[in-house]
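Asks: Take this structure first; my questions come after.
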Amino acid sequence: MNQLENYQRDKHINFELLLNDNNFVCNCDSIDFVRWLQETKVTLDKNRNYSCVYIDNSKKTTVYAYTHLDFIESKCLSKIWLTITIILVVVFLLLFTASSLAYKYRITLHFWYLHIRRKYRHYTALEGDSKEYKYNAFVAYCTADEEWVCVSLVNYLEKTNGLSLCLHDRDFAAGRLIMDNIIDAIFESKKVVLVISEEFLKSSWCEFELDMARMKMFQDNRDMLVVVLLNKLSPSQMPISLQRIWNKVTCLEVDEIIYTNQNGNFEHLFWKRLYEAVVM
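Going by the numbering used here, the first residue of the sequence shown is number 13, and it counts up by one from there.
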């Protein structure tokens, strides 16, 4: 169109542009052309009025479209905003769906993130890694139950029976992230002993240990969780994630006699069952 305007300005060139019998459309894509037909200095045939398909798909003329350019532009603007709105809604729904799935499977994602992260921390598999472990058991407990764990449980399993336990106060590597220490302890232990008390259930780190141990159990498809219940807790007080696998874990209850055992008397049936659960 700019070249035609330049030709028209040249006084040595006199021509008329014949546009009749062309199939024109008067919509969002042709607004500039409709305006040009009426405002150009180029000589056109048919008094600049040609048939065209209007924005609503009806038959109109270019003159009619020119006199209603504001209406056409408003319709086009509405379509643009409608398109933008649809795109934003779709993006929002995708983000919402992704966020919902990420939240729903957050424990699984966290577990696999730490699992992969562990491989890149120069982890070297033990010989016969599928059958041999650095520890017989990783003992997960809260600080409030530390005395019973370190005095009674450790004395029986380690000193009396020669097993190797992983305790966070004693065996976690200094300077390493707690979550990395936890995932290492779980992967390097044949069993995970959860010493669950009311204080344990209030601890976010203890909950993390429970979730990671549960995911490792699913990954290995083997019986590796041993639950030791303190304070006469009932299964209904357990986290939902543990209740769902309650029939797949070994559960032992600690009564007052066992809990207050400070004289090294391990004749109670509880200790025998605990040992068997760890070594089997």
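Positions of the beta carbon are idealized from the N, C-alpha and C atoms, including for glycine.
List the endpoints of the continuous beta strand (DSSP E) containing I63.
Replies: Reading the sequence as shown, one finds Ser at residue 63 and not Ile. Residues 63-65.
Asks: Round the Cβ separation of V207 and L242 to the nearest angstrom and send it over; I've been treating them as touching at under 8 angstroms.
Replies: With a Cβ gap of about 7 angstroms, V207 and L242 count as contacting.
Asks: Applying the criterion that 16 or more other CB atoms from any shown protein chain within 10 Å of the CB defines a buried residue, is I269 buried or exposed?
Replies: The residue is exposed, with fewer than 16 neighbouring Cβ atoms inside 10 Å.
Asks: Could I get the ranges of all uninterrupted alpha helix (DSSP H) runs contained in the segment 190-224, with 4 residues as the minimum, in chain order?
Replies: Those alpha helix (DSSP H) runs which fall completely within the segment 190-224 and span 4+ residues are 190-199, 210-214.
Asks: Let me confirm a value: I99 is counted as buried when at least 16 other C-beta atoms fall within 10 Å, else exposed. Which label applies?
Replies: That one is exposed.
Asks: Count the CB pairs spanning the segment 76-90 and the segment 35-53 that are closer than 8 angstroms, and state whether there are at least three.
Replies: Yes, the segment 76-90 touches the segment 35-53.
Asks: Could you check whether the Cβ of Y168 sits closer than 7 angstroms to any heavy atom belonging to the ligand MG?
Replies: This structure lacks the ligand MG, and indeed carries no ligand of any kind.
Asks: As a quick exercise: from G174, K284, F212, pick the residue whose alpha carbon is nearest that of P251.
Replies: Ranking G174, K284, F212 by Cα distance to P251 puts F212 first.
Asks: Please classify V163 as buried or exposed, where buried requires at least 16 neighbouring CB atoms within 10 angstroms.
Replies: The residue is exposed, with fewer than 16 neighbouring Cβ atoms inside 10 Å.
Asks: In the DSSP assignment, the beta strand (DSSP E) including V102 goes from what residue to what residue?
Replies: Unbroken run through V102 is the alpha helix (DSSP H), 81-116; no beta strand (DSSP E).
Asks: Tell me the rounded alpha-carbon separation between A225 and V204.
Replies: So the alpha carbons of these two residues sit roughly 7 angstroms apart.
Asks: Just mark V103 as buried or exposed, buried being the case when its beta carbon has 16 or more other beta carbons within 10 Å.
Replies: So V103 ends up on the exposed side.
Asks: Assign F230 to one of two classes, buried (16 or more other C-beta atoms within 10 Å of its C-beta) or exposed (fewer than that).
Replies: Exposed, because fewer than 16 other Cβ atoms sit within 10 Å of the Cβ of F230.
Asks: Taking the alpha carbon of N277 as the point to measure from, which residue in L179, L165, A149, L56 has its own alpha carbon closest?
Replies: When only C-alpha atoms are compared, the closest one is L165.
Asks: Which residues in the same chain as V65 place their Cβ atom closer than 6 angstroms to its Cβ, once the five residues preceding and following it in sequence are excluded?
Replies: Once the five neighbours on either side are set aside, the close Cβ partners of V65 are V37.
Asks: Report yes if the CB atom of N32 is closer than 8 angstroms to the CB atom of D68, and no otherwise.
Replies: Cβ atoms of N32 and D68: not closer than 8 angstroms.
Asks: Using the Cβ count rule (16 or more neighbours within 10 Å means buried), how would you classify N148?
Replies: So N148 ends up on the buried side.
Asks: Is A156 helix, strand or coil when you go by DSSP?
Replies: A156: helix per DSSP, three-state reduction.
Asks: Could you spell out where the alpha helix (DSSP H) holding L169 opens and where it closes?
Replies: Run containing L169: none; DSSP gives neither H nor E here.
Asks: Comparing alpha-carbon positions, which option in L105, D192, G174 lies nearest H122?
Replies: Taking only the C-alpha atoms, the option nearest H122 is D192.
Asks: Between the Cα of Y117 and those of K260, S253, F184, K214, spot the shortest distance and give me the residue it belongs to.
Replies: Residue S253 is the option with its Cα nearest to Y117.
Asks: How about S201 and Y145: do their beta carbons lie closer than 8 angstroms?
Replies: Against a cut-off of 8 angstroms, the Cβ pair of Y145 and S201 comes out as a contact.
Asks: Buried or exposed: where does D41 fall if 16 or more other Cβ atoms within 10 Å of its Cβ makes it buried?
Replies: Classification of D41: exposed, given that the 10 Å Cβ count is below 16.
Asks: Just verifying my parser: in three-state terms, what is the DSSP assignment at F36?
Replies: Strand.
Asks: Could you spell out the range, first to last residue, of the alpha helix (DSSP H) harbouring E265?
Replies: It is not in any alpha helix (DSSP H) - E265 instead sits in the beta strand (DSSP E) that spans 262-265.
Asks: Apart from the five residues on each side of it in sequence, which residues of its chain come closer than 7 angstroms, Cβ to Cβ, to C154?
Replies: Closer than 7 angstroms at the Cβ level, and outside the excluded window around C154, lie S209, E211, F212, S215, C218.
Asks: Quick one: Cα of Q50 to Cα of S86, how far?
Replies: Each residue's Cα considered, the two are about 20 angstroms apart.
Asks: DSSP has V240 in a bridge; who is on the other side?
Replies: Looking at the DSSP assignment, V240 forms a beta bridge with V207, L264.
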